[in-house]
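Just remember that our numbering sits 299 ahead of the position in the sequence shown, which is counted from 1.
Ideal Cβ placement from N, Cα and C applies to all residues, glycine included.
Quantities reported herein were computed from a predicted structural model and do not represent experimental measurements.
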Amino acid sequence: MKASYSLDRERLVMKKTDWPIRWDLLLRYRLIETIALWEGRLTTNHICHSFGIGRQQASKDINTYLRELAPGNLVYDRHLKGYVPAEKFRPVVTRGVVNEYLDLLARQQNLSNTFESLNIDLPDSTVVQGPNRVIAPETMRAVVTATRQGRQLRASYASLSRPEAVESILEPHTLVCAGNSWHLRAWCDSNREFRDFALSRFRTSPEALRQRARHSREQDEHWNREVTLVVTPDRRLTDAQQQIIARDYGMEHGRLEVATRAALAPYVLSRLGITFDNEHPDPLVQQLELANPDQLGFGSKREQALKAVAGLS
Numbered sequence: 300m301k302a303s304y305s306l307d308r309e310r311l312v313m314k315k316t317d318w319p320i321r322w323d324l325l326l327r328y329r330l331i332e333t334i335a336l337w338e339g340r341l342t343t344n345h346i347c348h349s350f351g352i353g354r355q356q357a358s359k360d361i362n363t364y365l366r367e368l369a370p371g372n373l374v375y376d377r378h379l380k381g382y383v384p385a386e387k388f389r390p391v392v393t394r395g396v397v398n399e400y401l402d403l404l405a406r407q408q409n410l411s412n413t414f415e416s417l418n419i420d421l422p423d424s425t426v427v428q429g430p431n432r433v434i435a436p437e438t439m440r441a442v443v444t445a446t447r448q449g450r451q452l453r454a455s456y457a458s459l460s461r462p463e464a465v466e467s468i469l470e471p472h473t474l475v476c477a478g479n480s481w482h483l484r485a486w487c488d489s490n491r492e493f494r495d496f497a498l499s500r501f502r503t504s505p506e507a508l509r510q511r512a513r514h515s516r517e518q519d520e521h522w523n524r525e526v527t528l529v530v531t532p533d534r535r536l537t538d539a540q541q542q543i544i545a546r547d548y549g550m551e552h553g554r555l556e557v558a559t560r561a562a563l564a565p566y567v568l569s570r571l572g573i574t575f576d577n578e579h580p581d582p583l584v585q586q587l588e589l590a591n592p593d594q595l596g597f598g599s600k601r602e603q604a605l606k607a608v609a610g611l612s
């Protein structure tokens, strides 16, 4: 956490030593704000399940957040039986960027009772962060609703291969984070197949429809097919250089086996810097290569190369 943070509506900057909120409460307030903004519905269950506290304490946390930190930020929706962001919602303990929701999901996957690491006096460190693709909260809300409830999604989508936005009916089954981008794995009614859709390329806010999806995860062949990628050091390197790369990745006998879903394999390879028909001329930059490209079963090398670019759909 930075040494200062904006809290009140006048953006009062306070020194770290003057910070008025206990660390455990701050984490709960951040959860409240993140869930409400990016999912569009907050309940006491979110707080209870994340921090192992009772419903009464969770309710108190929400009320305190609204009374002392962000009056008017949330509105209780009796139909949804939860809190939703007010029209003039403004983040006060988060920055209101999608990475905060990404971090929440990643940490919840690994830790059942917390979503953010505590300060345990580790040596000074920093995390390198680059620019991220822009995703509107309204887009994320609609996508989460349709995915979780198994409903159809009406969306206007633009791609590099078709820059003019086209409206289609999608039937999503999984939201995937691949590095600095998010994509949606969904059945596309127009193309009659399962595809990946980068959330940053929805041109207008998608709409979660009342109609139930007719295609599910179980019908997605590439999603359900497991593959094992065999990654090795670039053969153009010297033996000594290959040994260094092998040690970097904990390879055994000069190879690393990575199990993943076929649909996610291109994103795994992209993060490793491995492509199919665009090998870097300098092996010191390339460093790694895929020893079994036929394992992917995507067809031609050109098609494999296209699929290896995250969010191209």
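Three-way DSSP call (helix, strand, coil) for A497 in this model: Residue mapping note: residue 497 aligns to position 198 of the sequence shown, counting from 1. Strand at A497.
For G339, is the classification buried or exposed, using 16 other Cβ atoms within 10 angstroms of its Cβ as the cut-off for buried? Taking the sequence shown and counting its residues from 1, the one referred to as residue 339 is at position 40. By the neighbour-count rule (16 or more Cβ atoms within 10 Å), G339 is buried.
Please name the residue or residues paired with R389 in a DSSP beta bridge. Taking the first residue of the sequence shown as 1, we reach residue 389 at position 90. In DSSP, R389 forms no bridge with anything.
Tell me the start and end of each unbroken beta strand (DSSP E) in the stretch 469-523 that is at least 3 residues and wholly inside, in chain order. Listed in chain order, the complete beta strand (DSSP E) runs (minimum 3 residues) inside the stretch 469-523 are 480-487, 492-497 and 506-511.
Give the straight-line distance between the Cα atoms of I434 and L498, rounded to the nearest whole angstrom. What you label residue 434 is simply residue 135 of the sequence shown in a count that begins at 1. What you label residue 498 is simply residue 199 of the sequence shown in a count that begins at 1. Computed Cα separation, rounded: 6 Å.
Under the rule that 16 or more other beta-carbon atoms within 10 Å means buried, what is T343, buried or exposed? Taking the first residue of the sequence shown as 1, we reach residue 343 at position 44. T343 should be labelled buried.
From V392, T503 and R329, residue whose alpha carbon lies closest to that of A357: Taking the first residue of the sequence shown as 1, we reach residue 357 at position 58. Distances from the CA of A357 to each of V392, T503 and R329 were compared; the closest alpha carbon is that of R329.
Considering Cα atoms alone, identify which of G395, Y375 and C487 is closest to Q518. On the sequence shown, position 219 is the one that residue 518 refers to. Per the Cα distances, C487.
DSSP state of D376 mapped onto helix, strand, coil: As a position in the sequence shown, residue 376 is number 77, starting the count at 1. Three-state result, D376: strand.
Measure the C-alpha to C-alpha separation of V397 and W337 and round it to an integer number of angstroms. Residue 397 sits at position 98 when you count from the first residue of the sequence shown. Residue 337 sits at position 38 when you count from the first residue of the sequence shown. Roughly 8 Å separates the two Cα atoms.
When DSSP labels each residue in this structure, what does A564 get in the three-state scheme? One-based indexing of the sequence shown puts residue 564 at position 265. Correct three-state label for A564: helix.
If you measure between the beta carbons of A454 and F501, is that distance less than 8 Å? Locating residue 454 in the sequence shown gives position 155, where the first residue counts as 1. Locating residue 501 in the sequence shown gives position 202, where the first residue counts as 1. Going by beta carbons, A454 and F501 fall inside the 8 Å limit.
With distances taken Cα to Cα, identify the nearest neighbour of V530 among L583, A485 and L589. Taking the sequence shown and counting its residues from 1, one reaches residue 530 at position 231. The residue among L583, A485 and L589 with its C-alpha nearest the C-alpha of V530 is L589.
Who does L341 pair with in a DSSP beta bridge? The residue you call residue 341 lines up with position 42 of the sequence shown. BP columns for L341 point to Y382.
Look at the alpha carbon of S633 and the alpha carbon of C476, and state the distance between them as a whole number of angstroms. Outside the displayed range of the chain (300 to 612) lies residue 633, so it cannot be described from this structure.
Alpha-carbon to alpha-carbon, T473 and N591: Along the sequence shown, one-based indexing puts residue 591 at 292. Along the sequence shown, one-based indexing puts residue 473 at 174. N591 and T473 have their alpha carbons spaced roughly 27 Å apart.
Are at least three pairs of beta-carbons, each pair with one atom in the stretch 458-473 and one in the stretch 354-368, less than 8 Å apart? Touching, no, given that fewer than three Cβ pairs across the two stretches are closer than 8 Å.
Roughly how many whole angstroms lie between the Cα atoms of T446 and G371? As a position in the sequence shown, residue 446 is number 147, starting the count at 1. As a position in the sequence shown, residue 371 is number 72, starting the count at 1. When rounded, the distance between both Cα atoms is 29 Å.
Whose CA, out of A335, N523 and A558, lies closest to the CA of L379? For the purposes of this step, residue 379 is identified with residue 80 of the sequence shown, where counting begins at 1. When each option's Cα is compared against that of L379, the closest is A335.
Assigned secondary structure, R450 (DSSP; H/G/I helix, E/B strand, else coil): Indexing the sequence shown from 1 puts residue 450 at position 151. If DSSP states are grouped into helix, strand and coil, R450 belongs with the strands.
Quick one: grab the DSSP three-state call for R554. As a working mapping, residue 554 is identified with position 255 in the sequence shown. Strand, per DSSP.
Do Q451 and E470 have their beta-carbon atoms positioned less than 8 Å apart in this structure? In the sequence shown, counting from the first residue as 1, residue 470 sits at position 171. In the sequence shown, counting from the first residue as 1, residue 451 sits at position 152. Annotated as proximal: E470 and Q451, with beta-carbon spacing under 8 Å.
Run of the beta strand (DSSP E) containing L587, from where it starts to where it stops: Position 288 of the sequence shown, counted from the start, is the residue given in the question as residue 587. Element bounds for L587: L587 to L589.
Between V526, T559 and T333, which has its C-alpha nearest D402's C-alpha? Counting from 1 along the sequence shown, the entry for residue 402 is found at position 103. Checking every option, the nearest Cα to that of D402 belongs to T333.
Under the three-state DSSP convention, the category V526 falls into: The count along the sequence shown starts at 1 and reaches residue 526 at position 227. It is a strand residue.
Rounded C-beta distance between M439 and Y375? I'm assuming under 8 Å. Position 140 of the sequence shown, counted from the first residue, corresponds to residue 439. Position 76 of the sequence shown, counted from the first residue, corresponds to residue 375. Rounded, the Cβ-Cβ distance is 21 Å, inconsistent with contact.
Which first and last residues belong to the alpha helix (DSSP H) in which I544 is found? On the sequence shown, position 245 is the one that residue 544 refers to. First-last of the alpha helix (DSSP H) with I544: D538 to D547.
Leaving aside the five residues before and after E367 along the sequence, list all residues of the same chain whose C-beta is less than 6 Å from its C-beta, in chain order. Here residue 367 is taken as the residue at index 68 of the sequence shown, counted from 1. Cβ neighbours of E367 beyond the five flanking positions: none.
Entirely within the stretch 326-370 and at least 3 residues each: give me those beta strand (DSSP E) ranges in chain order. Unbroken beta strand (DSSP E) stretches of 3 residues or longer found wholly inside the stretch 326-370: none.
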